[in-house]
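Accompanying notes for the structure given below.
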Amino acid sequence: MVDDLLTAADNALRTLSGANHASRPSPSASGDAPADPGQRRLSGALMRVNHVGEVCAQALYHAQSLTTPNAALKRQFDAAAREEADHLAWTQQRLRELGDRPSLLNPLWYAGAFTIGLVAGRAGDALSLGFVVETERQVERHLEGHLNRLPPDDAASQAIVRQMKDDEARHAASASAAGAAELPLPVRWAMRAAARVMTTTAHYL
Ligand SMILES: [Fe+2]
Ligand SMILES: [Fe+2]
250 MVDDLLTAAD
260 NALRTLSGAN
270 HASRPSPSAS
280 GDAPADPGQR
290 RLSGALMRVN
300 HVGEVCAQAL
310 YHAQSLTTPN
320 AALKRQFDAA
330 AREEADHLAW
340 TQQRLRELGD
350 RPSLLNPLWY
360 AGAFTIGLVA
370 GRAGDALSLG
380 FVVETERQVE
390 RHLEGHLNRL
400 PPDDAASQAI
410 VRQMKDDEAR
420 HAASASAAGA
430 AELPLPVRWA
440 MRAAARVMTT
450 TAHYL
């Protein structure tokens, strides 16, 4: 119990302080930012939204890893969380290159996502996995949308988003293969609504 609390606190601090290191090199070949200030701001806003998504991914996966009694599933959640830590570090670095900043509300997003992750975890492994499948699929669709919205001359952000999208699809597939239950429709609607609040707010804040 004490161990769990320390692990949770350590992860929250690491995520929120930006101390996470990527284990894979960033897919962006260059650190170039779009020359046009308007396009640079748009890239910054979109990558801030994606960075918030990855802050939430840390909170969700760690909460779900803490709550599962199944050791193999815990390893699966932890492995996915390590790939999400790459996403977190890449988007954070990209925000710096764009001369932009992470969301001011990150502690709030993290706390909210951690609570949701605990609830999903307590609902049992099948539903917890179902929650992962639904989340990752929603994120995948969201990232697909960003590939169309990012300025055409921001190849670096596009490369990062494309790799993240591939990774999220793989996370959904492995959660599905591990025995995910389908979530009830109202739960999926609620998740979509929560994601909309988060993405709309993080665009500006
Ligand atoms: Fe991710
Ligand atoms: Fe993922």
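Heads up: the sequence shown at position 85 corresponds to 334 in our numbering, and the numbers run straight through without jumps. All C-beta atoms in this analysis are idealised placements derived from N, C-alpha and C, irrespective of residue type, glycine included. In this text the structure is predicted, and so the values were computed from the model without any measurement.
On a CA-only basis, which of the options is nearest residue i? Give me that one, please.
{"i": "residue 318", "options": "285, 389 and 374", "result": "374"}
{"i": "residue 345", "options": "260, 292, 434 and 426", "result": "292"}
{"i": "residue 444", "options": "288, 294 and 299", "result": "299"}
{"i": "residue 421", "options": "254, 379 and 262", "result": "379"}
{"i": "residue 314", "options": "264, 256, 411 and 348", "result": "256"}
{"i": "residue 376", "options": "260, 391, 316 and 275", "result": "316"}
{"i": "residue 411", "options": "382, 253 and 275", "result": "275"}
{"i": "residue 367", "options": "324, 310, 343 and 259", "result": "310"}
{"i": "residue 449", "options": "401, 294 and 287", "result": "294"}
{"i": "residue 382", "options": "341, 356, 277 and 425", "result": "425"}
{"i": "residue 333", "options": "432, 273, 266 and 431", "result": "273"}
Leaving out five residues on either side along the sequence, give the residues of the same chain with a beta carbon under 6 Å from the beta carbon of residue i.
{"i": "residue 336", "result": "303 and 413"}
{"i": "residue 363", "result": "308 and 312"}
Helix, strand or coil for residue i? Go by DSSP, reduced to three states.
{"i": "residue 319", "result": "coil"}
{"i": "residue 263", "result": "helix"}
{"i": "residue 253", "result": "helix"}
{"i": "residue 299", "result": "helix"}
{"i": "residue 431", "result": "coil"}
{"i": "residue 396", "result": "helix"}
{"i": "residue 350", "result": "coil"}
{"i": "residue 402", "result": "coil"}
{"i": "residue 283", "result": "coil"}
{"i": "residue 278", "result": "coil"}
{"i": "residue 273", "result": "coil"}
{"i": "residue 454", "result": "coil"}
Cutting at 8 Å between CB atoms, please list the residues of its own chain near residue i, excluding the five before and the five after it.
{"i": "residue 358", "result": "301, 304, 305, 308, 352, 447 and 451"}
{"i": "residue 389", "result": "414, 417, 418 and 421"}
{"i": "residue 453", "result": "294"}
{"i": "residue 399", "result": "291, 292, 295, 406, 407 and 410"}
Under 7 Å Cβ to Cβ from residue i, same chain only, skipping five residues before and after it: list those, please.
{"i": "residue 322", "result": "374 and 427"}
{"i": "residue 338", "result": "269, 270 and 271"}
{"i": "residue 423", "result": "325"}
{"i": "residue 431", "result": "379"}
{"i": "residue 393", "result": "414"}
Need the endpoints of the alpha helix (DSSP H) that residue i sits in, please.
{"i": "residue 355", "result": "355-371"}
I'd like to confirm something about residue i: is its beta-carbon nearer than 7 Å to some heavy atom of ligand 3, or not?
{"i": "residue 383", "result": "For the structure depicted, ligand 3 is absent and the ligand set comprises only ligand 1 and ligand 2."}
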